[in-house]
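Q:
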DNA sequence: GTCTATACTTTGATAGAC
DNA sequence: GTCTATCAAAGTATAGAC
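Protein chains in written order, with the working numbering: chain B, 736 to 931; chain X, 736 to 931.
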């Protein structure tokens, strides 16, 4: 029986290389060399490069899930949770060396919509949209789906702009999200503001 | 002695294939077959695939420039020009078959920051940011750079979400941009609104 | 017996030659 | 325009080490 840690070690190495150089630019041999494992071992755990890339994307998806969950427990108000989500994503997106979010960049590298890698990445974004819509609905916004789409624009815009945006850009995005959430709730807050 | 139209024909073919299947996924042979020109002809016009890809990106950059210029002549008010820009980008971004904006996807495919293709794509986005900042400043906004960043989030978010967003998403983005521009001008309009 | 390391096969792509 | 050289990458198989 093979050591179960080997799979994780391989996936760790592959993830690091994929994040930095892109998926197609990294060869299996490079992963093997960097990992220090034999070629046989890798192909036992991952039948093909596609399988390895899919595992990588699933890990990235889990990473997003942790981010999302952490945002949800960070506050009781759904609006505050969404702001925290934007803040957390911004921190990653503008970090030096960040490169557009692994799911989006990998999706760009696998344009063929029939390819398993493409399908996994695409499914991720469907899920993300559903999750953000759920949280947007919980804010009690007048039009939760429109609110969700606005927040998705901010989130994906953040990833796309990346390090070029810098810390200031990340703060801008957070303030932006706050404004969006404030103005998306016309019944209560807007009246209070007008009464000032 | 060679027909000058040949270069354009090759670039037309390459652009179409790159847009649809991605740059790395398209081989030179495929371009040659699709174009109907000889291999010699192609390599006389473009010394290497990198050169061809750079020419493709420059054409995409010119395309953006036309979009930007058209938005600028569409209205006299800079704020209206920016809204028109968002509308025009949205129309492209959510069109069926669109795939994230050719500059961004190609940048994702060429992660190496030393690669000529990467540098050309990166330079494009620096230019775009400068242009949007210029237009944002012309609106007389209190903080034009912050306004520009907010609009860039919308623009890139639009490209990233693509056809999944659909026509409704494009309309959401336009309304979003309108709100952003409205609230970015505190001196005049905000006072008018409060006086209502 | 599973791990590492390496040699080999095949495929496909860029590029050049005629 | 076809044919060919070169190279890199994905897999497969094999040889050796703990």
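Glycine residues also receive a C-beta, built at the ideal position from the N, C-alpha and C atoms. Quick caveat: nothing in here was measured; it's all calculated off a predicted structure.
(1) Helix, strand or coil: which one does DSSP assign to residue 782 of chain B?
(2) Relative to the alpha-carbon of residue 862 of chain X, which residue among X:745, X:887, X:879 and X:831 has its alpha-carbon at the smallest distance?
(3) To the nearest angstrom, how far is the alpha carbon of residue 848 of chain X from that of residue 871 of chain X?
(4) To the nearest angstrom, report how far apart residue 891 of chain B and residue 815 of chain B are at their CA atoms.
(5) Please check if any C-beta of chain B sits within less than 8 Å of the C-beta of residue 889 of chain X.
(6) For the pair the region 804 to 819 of chain X and the region 799 to 808 of chain B, tell me if three or more CB-CB distances fall below 8 Å.
(7) How far does the alpha helix (DSSP H) with residue 862 of chain B in it extend, from its first residue to its last?
(8) Please state whether the Cβ-Cβ distance between residue 724 of chain B and residue 884 of chain X is less than 8 Å.
(9) Here's a check: name, in chain order, each residue in its chain whose Cβ is nearer than 6 Å to the Cβ of residue 836 of chain X, leaving out the five neighbours to either side.
(10) Kindly indicate which three-state DSSP category residue 738 of chain B falls into: helix, strand or coil?
(11) Rounded to whole angstroms, what is the Cα-Cα separation between residue 773 of chain B and residue 778 of chain X?
(12) By alpha-carbon positions, which one of X:856, X:851, X:827 and X:850 ends up nearest to residue 840 of chain X?
(13) Looking at chain X, is there any beta carbon in it that lies within less than 8 Å of the beta carbon of residue 750 of chain B?
(14) Which residues, in order along the region 829 to 846 of chain B, keep a beta-carbon less than 7 Å from a beta-carbon of chain X?
(15) Assuming residue 920 of chain X contacts residue 874 of chain X (C-beta within less than 8 Å), just tell me the rounded distance between them.
(16) Counting only the same chain and skipping the five closest in sequence on each side, list residues whose C-beta sits under 7 Å from that of residue 736 of chain X.
(17) Between B:771, B:780, B:744 and B:784, which has its C-alpha nearest residue 763 of chain B's C-alpha?
(18) Can you check whether the C-beta of residue 892 of chain X is within less than 8 Å of a C-beta belonging to chain B?
(19) Leaving out five residues before and five after residue 842 of chain B in sequence, what residues of the same chain have Cβ atoms less than 6 Å from its Cβ?
(20) Look at the Cβ atom of residue 761 of chain B, then the Cβ atom of residue 818 of chain B, and state whether they are nearer than 8 Å.
(21) Could you tell me which chain B residues have their CB closer than 7 Å to the CB of residue 885 of chain X, listed as they occur along the chain?
(22) In chain X, which residues lie with their C-beta within 7 Å of the C-beta of residue 881 of chain B?
(23) So, is the C-beta of residue 759 of chain X closer than 8 Å to a C-beta in chain B?
(24) According to DSSP, is residue 920 of chain X helix, strand or coil?
(25) Would a C-beta distance cut-off of 8 Å place residue 787 of chain X and residue 838 of chain X closer than the cut-off?
(26) If we call anything under 8 Å between Cβ atoms a contact, is residue 821 of chain X one with residue 912 of chain X?
(27) Assuming residue 780 of chain B and residue 741 of chain B make a contact with CB atoms under 8 Å, what is their CB distance in whole Å?
(28) Starting from the C-beta of residue 924 of chain X, find all residues in its chain whose C-beta is less than 7 Å away, skip the five residues before and the five after it, and write them out in chain order.
(29) Residues of chain B with a CB under 9 Å from the CB of residue 783 of chain X: which are they?
(30) Establish whether the CB of residue 900 of chain B and some CB of chain X are separated by less than 8 Å.
(31) Return no unless some Cβ of chain X is closer than 8 Å to the Cβ of residue 904 of chain B.
(32) Look up residue 845 of chain X in the DSSP assignment and say whether it is helix, strand or coil.
(33) What are the residues of the region 855 to 876 of chain X that lie near chain B, defined by any Cβ-Cβ distance shorter than 9 Å?
(34) With a cut-off of 8 Å, does the C-beta of residue 679 of chain X fall near any C-beta of chain B?
(35) Against chain B, with Cβ distances strictly below 8 Å, would residue 918 of chain X count as a contact?
(36) With H, G and I counted as helix, E and B as strand and the rest as coil, what does DSSP make of residue 829 of chain B?
A: Taking the definition as stated:
(1) DSSP, read as helix, strand or coil, puts residue 782 of chain B in coil.
(2) X:887
(3) Whole-angstrom Cα-Cα distance: 29 Å.
(4) 19 Å
(5) yes
(6) no
(7) 851 to 873
(8) This structure leaves residue 724 of chain B out entirely; chain B is present only between 736 and 931.
(9) 894
(10) coil
(11) 40 Å
(12) X:856
(13) Not closer than 8 Å to any Cβ of chain X, the Cβ of residue 750 of chain B fails to qualify, so no.
(14) 834, 835, 839, 840, 843, 844 and 846
(15) 7 Å
(16) In this prediction, residue 736 of chain X scores a pLDDT of 48, lower than 50, which makes its location untrustworthy; the coordinate-derived value is nonetheless stated afterwards. Around residue 736 of chain X: no qualifying Cβ.
(17) A check of alpha carbon separations from residue 763 of chain B across B:771, B:780, B:744 and B:784 identifies B:784 as the nearest.
(18) yes
(19) 856
(20) no
(21) 907 and 911
(22) 907
(23) yes
(24) coil
(25) In this structure, the beta-carbon distance from residue 787 of chain X to residue 838 of chain X does not fall below 8 Å.
(26) yes
(27) 7 Å
(28) The predicted position of residue 924 of chain X is uncertain, since its pLDDT is 47 and thus under 50; no value can be drawn from it.
(29) Simply none; closest approach about 17 Å.
(30) Closer than 8 Å: yes.
(31) Yes, its Cβ sits closer than 8 Å to a Cβ of chain X.
(32) coil
(33) 857, 860, 861 and 864
(34) The requested residue 679 of chain X does not occur in the structure, where chain X is confined to residues 736 to 931.
(35) Closer than 8 Å to the CB of residue 918 of chain X there is at least one CB belonging to chain B.
(36) coil
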